Every structure is written in structure tokens, then in C-alpha cells.
Amino acid sequence: GNSVTQMEGPVTLSEEAFLTINCTYTATGYPSLFWYVQYPGEGLQLLLKATKADDKGSNKGFEATYRKETTSFHLEKGSVQVSDSAVYFCALTQGGSEKLVFGKGTKLTVNP
Amino acid sequence: DTEVTQTPKHLVMGMTNKKSLKCEQHMGHRAMYWYKQKAKKPPELMFVYSYEKLSINESVPSRFSPECPNSSLLNLHLHALQPEDSALYLCASTPVAGGPMDEQYFGPGTRLTVT
Numbered sequence: 119g120n121s122v123t124q125m126e127g128p129v130t131l132s133e134e135a136f137l138t139i140n141c142t143y144t145a146t147g148y149p150s151l152f153w154y155v156q157y158p159g160e161g162l163q164l165l166l167k168a169t170k171a172d173d174k175g176s177n178k179g180f181e182a183t184y185r186k187e188t189t190s191f192h193l194e195k196g197s198v199q200v201s202d203s204a205v206y207f208c209a210l211t212q213g214g215s216e217k218l219v220f221g222k223g224t225k226l227t228v229n230p
Numbered sequence: 076d077t078e079v080t081q082t083p084k085h086l087v088m089g090m091t092n093k094k095s096l097k098c099e100q101h102m103g104h105r106a107m108y109w110y111k112q113k114a115k116k117p118p119e120l121m122f123v124y125s126y127e128k129l130s131i132n133e134s135v136p137s138r139f140s141p142e143c144p145n146s147s148l149l150n151l152h153l154h155a156l157q158p159e160d161s162a163l164y165l166c167a168s169t170p171v172a173g174g175p176m177d178e179q180y181f182g183p184g185t186r187l188t189v190t
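Line order of the protein sequences matches chains X and P. Sequential numbering of the first sequence, starting at 119, is according to our numbering. Sequential numbering of the second sequence, starting at 76, is according to our numbering.
Dropping the structure here:
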């Protein structure tokens, strides 16, 4: 079946540091890939997505590239802010499936 | 309007109570979802409604009863819950269930505490 593996957290960084959160997936065919962010006490918000190989999703300074050869969708940001502190979920869905498959989530804390 | 709304924001109920959670979207989406999220875990799918019909029930106990009265509304009726049912309950919607490129839009959730 389909699955998503994320790097274990928590991740603690200083403001303006570089962020990478690794995400790899297992799926048959060509899934769509997503990063969702959950701020404390809130629901999930879509951060970015990519729907085919070599697509790059980007939003709010975050980027992730759909790499089919390595089955990866790593999240990066060049300079994190305190306001980026949240839990980040990598997820996939596949055509014909009603289900969104989540990774376990990575908690990011950014200190001033 | 790209918002999914959920009420109430917080709910405390006893094990003998009956209560309902409500979810609403006005984006014209025809698929709606209920998820349960425990602390420090990803959301777990409970139910999927597609075109107002229940299409997935992930073996959820019968003390949770979903209802989709119309294409904009989704309810979750709660009865005789257990303390382990305490969690954040999230509603989500997407244009069509199974659309390969469509993200799910999540509401802010209802924080449920069962005493």
C-alpha cells in the first residue's frame, strides 16, 4: 500500500537558519504530493503541492520538488522565522483513491 | 470563500451525553471528510462522504454517527463516548473524492474532551 515516511522530530532551529525536512514515499503509479502545516491549536493548512515528477511546489518561502527517481519530496526553506514554528505533515494521494496518506509529522521550533 | 468552518470550537461532554459536531463549506465541494487527531499524531480518517453518500467508514465505532444533510453540511453525532475518544476532530472537503490533484481543505477542528 501507499505510505509516507518523514524524518523524526522535533527539529529546533535558530531564526534565519536553513530548514530541511525529509519526506520519502512509497506508491504505485504517480501520486500527488503535499505538505500541510498545523500551527498550535489549529487545523491543517495546505503549504504546497506537486502533482507530477519534477514539479516544484512553493509558498511562503518554502519549496519542495517532486523527485520520482528518489521517491522524495523534501521540504526546504532558506531562512526560517519564529512564526514558522508548527508541525509539518507530508502527504500523498493517488488518482481514484479518496484517501490522503500522511506521514507522522515533524514538529519544528524556531527560536529567536 | 475557501473556508471550511466547524462548530463548536471546544466541547466537553460526559459519557452519557449526546452531542453533535457541525462542519460547513461553501466551495461547491462534493466530497467531505471526518478525521480524528490525537496529540502528536497525524489525522486518522474516519468517514468520507461523496455526493452526500457515505463512501468510506474506516471501521469507526457506532457511537460515532455521521450525517450529510446536503452538499454543504456534514455532521458527526456523538453518543456514549469513552474518555479515549477525546481528540481534535477535523473536517475536510475536496472538489471530488478521488481527484488526483486536489488538495483537501481542512477546518480548524473541534477539540473534544470526554469526561
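Glycine included, each C-beta is placed from N, C-alpha and C at the ideal position. Quick caveat, the model's predicted, so the values are computed rather than measured.
Are the C-beta of residue i and some C-beta of chain P separated by less than 8 Å?
i	result
G175/X	no
F180/X	no
S150/X	yes
F207/X	yes
G213/X	yes
G119/X	no
K167/X	yes
Near residue i, which residues of its chain fall below 8 Å by C-beta distance, leaving aside the five closest residues on each side in sequence?
i	result
P158/P	M90, V189, T190
N150/P	S95, L96, K97, C98, P141, E142, C143, P144
Below 8 Å on the Cβ atoms is my guess for residue i versus residue j; work out the distance and round it to an integer in Å.
i	j	result
L96/P	Y164/P	6 Å
L164/X	Y154/X	6 Å
G173/P	V79/P	Not quite, the Cβ-Cβ distance comes to about 19 Å (not below 8 Å), so this is no contact.
F191/X	L151/X	4 Å
E141/X	Q156/X	Strictly speaking, residue 141/X in this sequence is Cys, with Glu absent from that position. Going by Cβ atoms, the distance from C141/X to Q156/X rounds to 15 Å, so no, they are not a contact pair.
G221/X	V122/X	4 Å
Residue i touches chain P at which residues, Cβ-Cβ below 9 Å?
i	result
L137/X	Neighbours of L137/X on chain P: none; closest Cβ ~20 Å, over 9 Å.
Under 7 Å Cβ to Cβ from residue i, same chain only, skipping five residues before and after it: list those, please.
i	result
Q199/X	E133, V228
S146/P	R105, E127
K113/P	A162
Just to make sure I have the definition right: I need the residues of chain X whose C-beta is within less than 9 Å of the C-beta of residue i. Which are they?
i	result
V123/P	E216, K217
S130/P	E216
For a cutoff of 8 Å on Cβ pairs, would you count residue i as touching chain X?
i	result
M192/P	In the structure as shown, chain P begins at 76 and stops at 190. Residue 192/P is therefore absent and cannot be evaluated.
S140/P	no
P136/P	no
P117/P	yes
G103/P	no
S168/P	no
G89/P	no
Which residues in chain P sit within 8 Å of residue i, going by Cβ to Cβ distance?
i	result
Q163/X	F181
F231/X	Nothing can be reported for residue 231/X: it is not among the residues displayed for chain X, which extend from 119 to 230.
How long is the line joining the alpha carbons of residue i and residue j, rounded to whole angstroms?
i	j	result
P141/P	F136/X	43 Å
E194/X	K94/P	42 Å
K170/X	V87/P	44 Å
L129/P	T183/X	35 Å
N92/P	S203/X	37 Å
H152/P	D160/P	13 Å
F207/X	R185/X	17 Å
T138/X	P117/P	19 Å
V85/X	T82/P	Because chain X spans 119 through 230 in this model, residue 85/X falls outside it and cannot be assessed.
By Cβ distance below 6 Å, which residues in the same chain neighbour residue i in space, the five residues on each side in sequence not counted?
i	result
Y108/P	V123, A167
Q179/P	A167, T169
L148/P	E99
R186/P	H85, L163
G175/X	L166, K167, A168, A182
Can you pull the chain X neighbours of residue i, defined as C-beta to C-beta under 8 Å?
i	result
A106/P	E216
L96/P	Here the premise fails: no neighbours, minimum Cβ distance about 13 Å.
L165/P	G161, L162
L120/P	K217, L218
G173/P	G213, G214, S215, E216
Taking C-beta pairs closer than 7 Å, name the residues in chain X that residue i reaches, listed in chain order.
i	result
A162/P	The premise fails here: A162/P is roughly 13 Å from chain X at the closest Cβ pair, so nothing lies under 7 Å.
What does residue i touch in chain P if you count any residue whose Cβ is under 7 Å from its own?
i	result
K222/X	P117
Just checking residue i against the ligand ADP - is the residue's beta carbon closer than 7 Å to any of the ligand's heavy atoms?
i	result
K167/X	Judged by which ligands are present, the structure shown has none, so any question about the ligand ADP falls away.
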